[in-house]
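J.:
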Amino acid sequence: EDRCAHNADSIRGRTTEDSIQSGYRHNTQRGRAQSSESKGVLRFAIALLILLVTIAARPTRAMKLVIQRVKSASVAVEGKIVSSIGPGLMALVGLHGDDREEDLQFCCKRLLAAKLFENDNGVAWRHGVKQRGLEVLCVSQFTLYGTLTKKNQPDYKLSMKSVPAEEMYNRFLQMLRSNYEEGKVLDGRFGAMMDVSLVNDGPVTIVVESDPKPMPSGQGAEAGGDELK
C-alpha cells in the first residue's frame, strides 16, 4: 500500500511538474506573440509619424495657372475692351499667400514653353506660343484659391493679399515680356471687375501649379530650360 501511495504521489508530482512546464511554455509563447505584436504596432506608429511629418514639411504654397488655348480672347472693364488677342493662350493667374520669386519663374517657364500647338507639319503638341509667334493674355484671378465654408460661402484666405499680390502679378508680367516679345503679352486690369470672353480652341485647358524645387539634370528643356530665355 505504501508503495502504491508512493507511486501515486510520484505520478501526481510529475503531472504537476508537467503542468507547470506546459503553462510556462504557453506563457512564454504568448509573451513572444504579444511582444511581436507590440513591435508591429510600434513600427506602424513610427511609419505613420514619419508620413505625417513628411506631409507637414511639404511646401503649401503653389502659384496656379489655368491655361487655355484660344482662337480669340478679350477683357472688358465697364463695358470697354482693355485687351484682346487672336490665336494664342489665355492664362488665369492665381497667387498663393506664400508664393515667392521661384514660383513666378517656374510658371513663366511653363506658360511660355507649354507645347499646346501643332508644328509646321501639322503634328499636335509640338510647339509653344514662342515658336508659333502667338499672343498671351493674362488675367489676375485670386478666386483660384477660393474654398467653400460649411455654409457654402467662399473663403479666399489662401490667396495673397491685394497689395503684395499686385506687385507679384506685375513682376510675373515683366518676366513674361522679358522672355518673349513685350507687345505679345497682354493683361486685364488687376483688382477690377472684368468681363472675360474667349473662344476655347479644342477645348484645351491645362492647370499648372508651381513646384520650384530643383529639377534633375536633363529635364530643364521640358520645363522651358534651366534659365528664362
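When we follow the numbering used here, the leftmost residue of the sequence shown carries the number 224, and every step to the right adds one. Glycine included, each C-beta is placed from N, C-alpha and C at the ideal position.
1) Using DSSP with H/G/I as helix, E/B as strand and the rest coil, what is residue 340?
2) Counting C-beta neighbours from all protein chains within 10 Å, is the total for residue 337 16 or more, i.e. buried, or is it exposed?
3) Is the stretch 309 to 318 touching the stretch 349 to 369, taking contact as three or more C-beta pairs under 8 Å?
4) Decide if residue 391 is buried, meaning its Cβ has at least 16 other Cβ atoms within 10 Å, or exposed.
5) From residue 424 to residue 265, what does the alpha carbon distance come to, in whole angstroms?
6) Are the CB atoms of residue 402 and residue 335 nearer to each other than 8 Å?
7) Just reading off the alpha helix (DSSP H) that residue 389 is part of, what are its end residues?
8) Would you kindly check if the distance between the Cβ of residue 365 and the Cβ of residue 317 is under 8 Å?
9) Report the CB separation of residue 398 from residue 299 in whole angstroms; it is logged as a contact under 8 Å.
10) Under the criterion of a Cβ to heavy atom distance below 7 Å, does residue 264 qualify as lining the ligand PLP?
11) Considering Cα atoms alone, identify which of 301, 315 and 285 is closest to residue 428.
12) Any beta carbon of chain C sitting closer than 8 Å to that of residue 408?
13) Tell whether a beta-carbon distance below 8 Å holds between residue 319 and residue 381.
14) With H, G and I counted as helix, E and B as strand and the rest as coil, what does DSSP make of residue 412?
15) Could you check what DSSP says for residue 378 in three-state terms: helix, strand or coil?
16) So residue 293 packs on residue 422, CB below 8 Å; how close in whole Å?
17) Give the range of the beta strand (DSSP E) segment to which residue 291 is assigned.
18) Where does residue 376 land, buried or exposed, given buried means 16+ other C-beta within 10 angstroms?
19) Kindly list the residues whose CB is nearer than 7 Å to the CB of residue 350, restricted to its own chain and excluding five residues on each side of it in sequence; keep chain order.
20) To the nearest angstrom, report how far apart residue 344 and residue 434 are at their CA atoms.
21) Using only the alpha-carbon positions, how far apart do residue 362 and residue 414 sit?
T.: Taking the coordinates as given:
1) strand
2) buried
3) yes
4) buried
5) 55 Å
6) yes
7) 385 to 401
8) yes
9) Going by Cβ atoms, the distance from residue 398 to residue 299 rounds to 26 Å, so no, they are not a contact pair.
10) Judged by which ligands are present, the structure shown has none, so any question about the ligand PLP falls away.
11) 315
12) The chain labelled as chain C is not found in the depicted structure, where only one protein chain is given.
13) yes
14) coil
15) strand
16) 6 Å
17) 287 to 300
18) exposed
19) 338, 340, 341 and 342
20) 33 Å
21) 10 Å
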